[in-house]
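So that you can map any letter, position 9 of the sequence shown is 731 in our numbering, and since no number is skipped, the others follow by simple counting. Reading through the structure tokens given below for one structure.
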Amino acid sequence: MKKTNVKLILSFIAFLVVNLWLVFKGAAKGSADFFISPTVEETILFILLQLSVIVVYFIRPLTVKKSKIIYWCVSEMFVLVTVFFWGIFIVGPIWFQ
Numbered sequence: 723m724k725k726t727n728v729k730l731i732l733s734f735i736a737f738l739v740v741n742l743w744l745v746f747k748g749a750a751k752g753s754a755d756f757f758i759s760p761t762v763e764e765t766i767l768f769i770l771l772q773l774s775v776i777v778v779y780f781i782r783p784l785t786v787k788k789s790k791i792i793y794w795c796v797s798e799m800f801v802l803v804t805v806f807f808w809g810i811f812i813v814g815p816i817w818f819q
């Protein structure tokens, strides 16, 4: 269970970093720099968040099925909350603008 908790904490830290990045970019009155559009920036952040969930899992993978289910459900919920909140709720569907 200790390994599951460590993985969940790492997943939460990745979730927190991505969300804080988006909050600070929004507070700076500009979602992206001149070289990249806001849609591309947010999409890259969503992909990086998902990749961090996968990488954290595959570093010393969990062996107990219950722990695997808990990790994947909680971590994917972090990703989905981020995508729906920033990608749809706050900005509107960013990919259809």
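Ideal Cβ positions, reconstructed from N, Cα and C, are used throughout, including at glycine.
Exposure of residue i, with buried meaning 16 or more beta-carbon neighbours within 10 Å
i, result
"T785", "exposed"
"K729", "buried"
"F746", "exposed"
"F780", "exposed"
"V778", "buried"
DSSP-derived helix/strand/coil call for residue i
i, result
"T785", "coil"
"M723", "coil"
Where the alpha helix (DSSP H) containing residue i begins and where it ends
i, result
"S774", "P760 to F780"
CB contact check: residue i to chain B, cutoff 8 Å
i, result
"E798", "Protein chains in the displayed structure number just one, and chain B is not present."
For residue j and residue i, the rounded distance between their alpha carbons
i, j, result
"V808", "K788", "According to the sequence provided, residue 808 is Trp. The question's Val does not apply to it. About 30 Å."
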